[in-house]
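Take the sequence shown: its letters are residues 5 to 275, numbered as in my numbering. Report on the following structure.
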Amino acid sequence: MTSGPDLTGLVALVTGASAGIGRYVAEGLAARGAAVAGLARGAGRLRTAMDDVAAATGARTLALPADVTDPAAVDAAVAEVARVLGPVGLLVNNAGLIDAAEVPLWEADPDQWWAVVESQVRGPFLLARAVLPGMVAAGGGRVVDLASGISTRANPHYSAYSAGKTAQVRITEAVHLAGSAHGVRAFDLAPGVVDTAMTRAMPMHTGRTEWTRPQDVVDLVVAIAAGELDQWSGRFVRAGVDDLDTLRATTPTGDARRLRLVPYGDTDPLG
5 MTSGPDLTGL
15 VALVTGASAG
25 IGRYVAEGLA
35 ARGAAVAGLA
45 RGAGRLRTAM
55 DDVAAATGAR
65 TLALPADVTD
75 PAAVDAAVAE
85 VARVLGPVGL
95 LVNNAGLIDA
105 AEVPLWEADP
115 DQWWAVVESQ
125 VRGPFLLARA
135 VLPGMVAAGG
145 GRVVDLASGI
155 STRANPHYSA
165 YSAGKTAQVR
175 ITEAVHLAGS
185 AHGVRAFDLA
195 PGVVDTAMTR
205 AMPMHTGRTE
215 WTRPQDVVDL
225 VVAIAAGELD
235 QWSGRFVRAG
245 VDDLDTLRAT
255 TPTGDARRLR
265 LVPYGDTDPL
275 G
């Protein structure tokens, strides 16, 4: 087993697990003993990925072909995880689309724009809605939402992705606020820019030579899964920038790493 926290006994559900960041996270969790269910739309590629993870780590895996925006498919997938592997103790919401073109909002295709928002908002909502009752009943669990720096600032060319990721931050905090009394923790984890097919396809990254290491993302997810960063529940962390030892030793207070309006001055009534 890979060095680091032992996650034996944990059942993890990772969406978008057939490639990219989701695939890295699935293998990283499995390498530390977790049983991992992967969910993605493409059945063949997903099954191959989960079989490869099982072969590489010896962990139990499960492939769940499903669309994260389909309530019936999500409910059925979560029920299958519980039946085959056990109740989900860690949910990693990674699946999501991105704007098809770098254009201003008024030039975007409305159907594609909305599909992006649905993948980033409806997907995490449906997965959390299906998984959280089991976590509450078990006395706790953890949700990791793959966030983005775009969720904290406006972007002229990725309006759908920006809107969806910002809404996802609110979902994370809602889970934290409602779930903390039941032992449920929720985190926004921005992976930075990992070298994947999706990021390679984005014109804004043309010519990029510096990338976030996939291992930095995996290490943060593993630390969260092991309960090492529970004091960061409801807040934003960034792979490749945040030092893991510093996060472990820091207890944030107030609105640190939360999405908030900034007062215009000391006399701002909203301040």
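Idealized CB from N, CA, C, for every residue including glycine.
So what does residue i bridge to, in DSSP terms?
i	result
residue 135	In the DSSP output, where bridge partners are listed per residue, residue 135 has none listed.
residue 19	43
residue 145	188
residue 120	Paired residues: none, contrary to the question.
residue 2	Outside the shown range of the chain, which is 5 to 275, sits residue 2, and nothing can be said about it.
residue 96	18, 148
residue 128	Paired residues: none, contrary to the question.
residue 160	BP columns for residue 160 are empty, so no partner.
How about residue i and residue j: do their beta carbons lie closer than 9 Å?
i	j	result
residue 23	residue 60	no
residue 189	residue 155	no
residue 92	residue 32	no
residue 2	residue 96	Limits of the chain in this structure are 5 at one end and 275 at the other, which puts residue 2 out of reach.
residue 39	residue 15	yes
residue 137	residue 175	no
residue 72	residue 221	no
How is residue i classed by DSSP in three states: helix, strand or coil?
i	result
residue 11	coil
residue 108	coil
residue 251	helix
residue 33	helix
residue 230	coil
residue 69	strand
residue 168	helix
residue 56	helix
residue 64	coil
residue 264	coil
residue 271	coil
residue 89	coil
Going by other Cβ atoms of all chains shown within 10 Å of its Cβ, with 16 needed for buried, is residue i buried or exposed?
i	result
residue 269	exposed
residue 219	exposed
residue 259	exposed
residue 239	buried
residue 122	buried
residue 177	buried
residue 246	buried
residue 20	buried
residue 231	exposed
residue 108	exposed
So, is the C-beta of residue i closer than 9 Å to a C-beta in chain C?
i	result
residue 176	Absence of chain C from the displayed structure is noted, only one protein chain being present.
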